[in-house]
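J.: With positions in the sequence shown counted from 1, the corresponding number in our numbering is that position plus 1170.
Glycine included, every Cβ here is placed at the ideal spot set by N, Cα and C.
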Amino acid sequence: MIAPAEALPGRPTPVPLAASNVVLGHPMRGDDPESAAGIGTFDGYQVVVLAGGCFWGVEEIFWQVPGVYTTAVGYAGGFTPNPSYEEVCTARTGHTESTLVVFDPQVIDLEGVLKVFWETHDPTQEMQQGNDVGTQYRSAIYTVGDDDAQLARDSAQRFGAVVAEAGLGAIATEIASLEQAGDGRFYYAEDYHQQYLAKNPNGYRCHASTGLQYPA
1171 MIAPAEALPG RPTPVPLAAS NVVLGHPMRG DDPESAAGIG TFDGYQVVVL
1221 AGGCFWGVEE IFWQVPGVYT TAVGYAGGFT PNPSYEEVCT ARTGHTESTL
1271 VVFDPQVIDL EGVLKVFWET HDPTQEMQQG NDVGTQYRSA IYTVGDDDAQ
1321 LARDSAQRFG AVVAEAGLGA IATEIASLEQ AGDGRFYYAE DYHQQYLAKN
1371 PNGYRCHAST GLQYPA
């Protein structure tokens, strides 16, 4: 991982963002976006940032989950302000490709969201998913709030027991509250990455997973 002092300088201006998610029809950025790690606030909804490999496929999985209000892709856990995709791919920003998931806790709780996360990628792979190799493909859960971070750690322990029983090694997922990950911000990716697989149905999907089920 790149050290903060060695990260690319980035830029002060964020990329333009479309008004809404083209699949779900809801805003991808909440009210007062400077108030919460660049994401804003979504009253009545809960937020988590998940990284499980190429963000195109991860976002596609979550926009189909009942109770998910909106999704967006971006970069988190790094140090370069407002990085470009090309910069993230150099491994000199510290970011991982991430998906913002905003969900209705009356329909699905955080553990339910994490169940989908654990089952749809391989959290035992370090700095890669399948053939996608690099720090930008590392597995991570960035929560908004310390209580959620502890719940995420508990869920990792539960799924880790299943993984260990199957002989697949240890969970390598980075877990932290978003404010403690890198510079503490989520940077929205360029518009062409947002809901990429809705715009390009035959586009690339990473199919790495353990094939294991999260315990009931």
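1) Go ahead and label R1199 buried or exposed: buried means 16 or more other beta carbons lie within 10 angstroms of its beta carbon, across all protein chains shown.
2) Are there three or more Cβ pairs, one per stretch, closer than 8 angstroms when the segment 1344-1358 is compared with the segment 1261-1268?
3) Please go through the same chain and pick out, in chain order, the residues whose beta-carbon is closer than 7 angstroms to the beta-carbon of H1377, but skip the five residues on each side of it.
4) Under the DSSP definition of a beta bridge, which residues are partnered with F1232?
5) Are the beta-carbon atoms belonging to G1237 and S1268 less than 8 angstroms from one another?
6) Does DSSP put T1305 in a helix, in a strand, or in coil?
7) Classify A1322 as helix, strand or coil using the three-state DSSP reduction.
8) Which whole-angstrom value describes the C-beta separation of F1287 and G1222, a residue pair presumed to lie in contact below a C-beta threshold of 8 angstroms?
9) Please state the DSSP three-state secondary structure of D1202.
10) If we ignore side chains and look at the alpha-carbon of each, how far apart do D1316 and L1348 end up?
11) Is it buried or exposed, R1181, if we count other Cβ atoms within 10 angstroms and call 16 or more buried?
12) Do E1229 and Q1365 have their C-beta atoms closer together than 8 angstroms?
13) Excluding five sequence neighbours on each side, which residues of the same chain lie with their C-beta closer than 6 angstroms to the C-beta of T1313?
14) Which runs of the beta strand (DSSP E) at least 3 residues long sit entirely within the segment 1227-1273? Give them in chain order.
15) Using the C-alpha atoms, what's the distance from P1197 back to S1190?
16) Quick check: the Cα distance between E1281 and T1294, rounded to an integer number of angstroms?
17) Have a look at L1178, G1247, S1309, E1204 and flag the residue whose alpha-carbon is nearest the alpha-carbon of A1387.
18) How about L1178 and E1257: do their beta carbons lie closer than 8 angstroms?
T.: If we stick to the structure as given:
1) buried
2) yes
3) G1300
4) DSSP output for F1232 lists no bridge partner at all.
5) no
6) helix
7) helix
8) 6 angstroms
9) coil
10) 9 angstroms
11) exposed
12) yes
13) V1218, A1319, A1322, S1347
14) 1238-1246, 1266-1273
15) 4 angstroms
16) 19 angstroms
17) Absent from the structure is residue 1387, since the part of the chain shown begins at 1171 and ends at 1386.
18) yes
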